């Protein structure tokens, strides 16, 4: 039916661009465009599953060692730690929601974001579409029209004066008030009754940590807004980022609760109880936190997961081009740097990631190094990118 077709569009839209790719490997994990002929390197913007030579590995190590020789002064390091939220607020004040692209790839690499029944619907829809031969250009145009129509459908049906927050009826203003407490003040009182928090009536709950301007939030909501029993929480410690999410035309408190939260503060309560989350999304967030505080953050997040719940992780990998580009004087500590705008970034190995999540009591489902070759076809420049992608589950 229409709703089922609409829900699949976000995933199918992403896959449309992959139909010309090599069939040597499946589309996931981590793509399927394999560079077999070096003379064709500038035919695409990105190549997947790149293998580094020993020489390339050694050159990367040398560059990282060189740019970390001069460390940032201790007093400045303290300032970057103490005023981290200020730098990120300035970042979002400057760039608003124009810096990052929407992460429509999420459903390809992390299908676990969706409830199992929705995953099955999407698989069924994909199988059905594969058996239907249509002109690809007309098909893509038609899907885009349906997708836009679906967004109008969500706004029309869920922007009224009253709303249903996953089984609990609220006036729109009442629902908004439950999500407007930025740091969880009086959260203990609100949680005194199990029915008093946003999403309390949901059966499938997702939390995105470090939501930024909503580049994951809104692709997820486009799929989930017509899936009964689902609810999305999202938080960021930059209040400017949360305001960007809440002011977006697609934001609706019937399906989503955005709030300001510092994940490094163990004493700060979340606006919902422990052990209620099915999925936690941690994408390019942990790298912004001081390495000494990362384990505490992961430990706290693990407590929020239900038994069987999944933590989905993607972040910068060791010797990514972003690390090698730093000049001397930007290194805070080993593999931890500060950018020119005051925001910070760490570059992981997959062993470090495994150790952190294992110490938090989570079990590995996936832990991969994603090496890709990104190219600027106009300038004929090649760039080696490295990311870590992982999935960890809380034991039943």
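Residue numbers (the UniProt record's numbering): 1 to 396.
Think of the CB as a built atom: it goes at the ideal place given N, C-alpha and C, for glycine as much as any other residue.
Treat the numbers as computed from the prediction; the structure is a model and nothing was measured.
Following the DSSP letters along the chain, one finds residue 297 inside the alpha helix (DSSP H) bounded by residues 291-304. Residue burial is scored here from C-beta neighbours: residue 93 has fewer than 16 other C-beta atoms within 10 angstroms and is therefore classed as exposed. A direct Cα-Cα distance of roughly 31 angstroms separates residue 285 from residue 41. Straight through space, the alpha carbons of residue 128 and residue 274 are spaced by roughly 40 angstroms. Between the stretch 355-371 and the stretch 381-390 there are three or more C-beta pairs closer than 8 angstroms, enough to call the two in contact. For residue 69, the three-state secondary structure derived from DSSP is coil. Its chain contains 10, 102, 103, 104, 106 as the residues whose beta carbon lies nearer than 7 angstroms to that of residue 219, once the 5 sequence neighbours on both sides are disregarded; these appear in chain order. Collapsing the DSSP output to three states places residue 263 in coil. Within the model, the alpha-carbon separation for residue 265 versus residue 124 is close to 43 angstroms.
Residue burial annotation: residue 73 is exposed, with fewer than 16 other C-beta atoms found within 10 angstroms of its C-beta. With the rule of 3 Cβ pairs closer than 8 angstroms, the stretch 243-260 does not count as touching the stretch 291-301.
Restricted to the stretch 321-353, the alpha helix (DSSP H) segments that are unbroken, complete and at least 4 residues in length are 321-324, listed in chain order. Secondary structure of residue 369 (DSSP, three-state): strand. Around the beta carbon of residue 314, 16 or more other beta carbons lie within 10 angstroms, which makes this residue buried.
In this structure, residue 112 places its C-beta atom within 8 angstroms of the C-beta atom of residue 310. Using a Cβ distance threshold of 8 angstroms, residue 232 and residue 224 count as a contacting pair. Per DSSP, the beta bridge partners of residue 277 are 305. For residue 51, there is no enclosing alpha helix (DSSP H), as DSSP marks it with neither H nor E.
CA-CA distance, residue 71 to residue 239, rounds to 30 angstroms.
When the beta-carbon positions are compared, residue 236 and residue 260 come within less than 8 angstroms of each other.
Here DSSP, grouped into helix, strand and coil, assigns residue 93 to helix. Judged by DSSP in its simplified three-state form, residue 376 adopts strand. Note: residue 284 is not bridge-paired with any residue in the DSSP secondary-structure output. Around the Cβ of residue 109, a 10 Å sphere holds 16 or more other Cβ atoms; the residue is buried.
Between residue 335 and residue 318, the CB-CB gap stays under 8 angstroms. Between residue 45 and residue 326 the beta-carbon gap is near 24 angstroms, outside 8 angstroms, which marks them as no contact. Between residue 288 and the set 83, 65, 32, 199, the nearest pair of CA atoms involves 83. For residue 367 against residue 380, the beta-carbon gap comes to about 34 angstroms, at or over 8 angstroms, which does not count as contact.
For residue 319, the three-state secondary structure derived from DSSP is coil. Here residue 197 carries a coil assignment [DSSP, helix/strand/coil].
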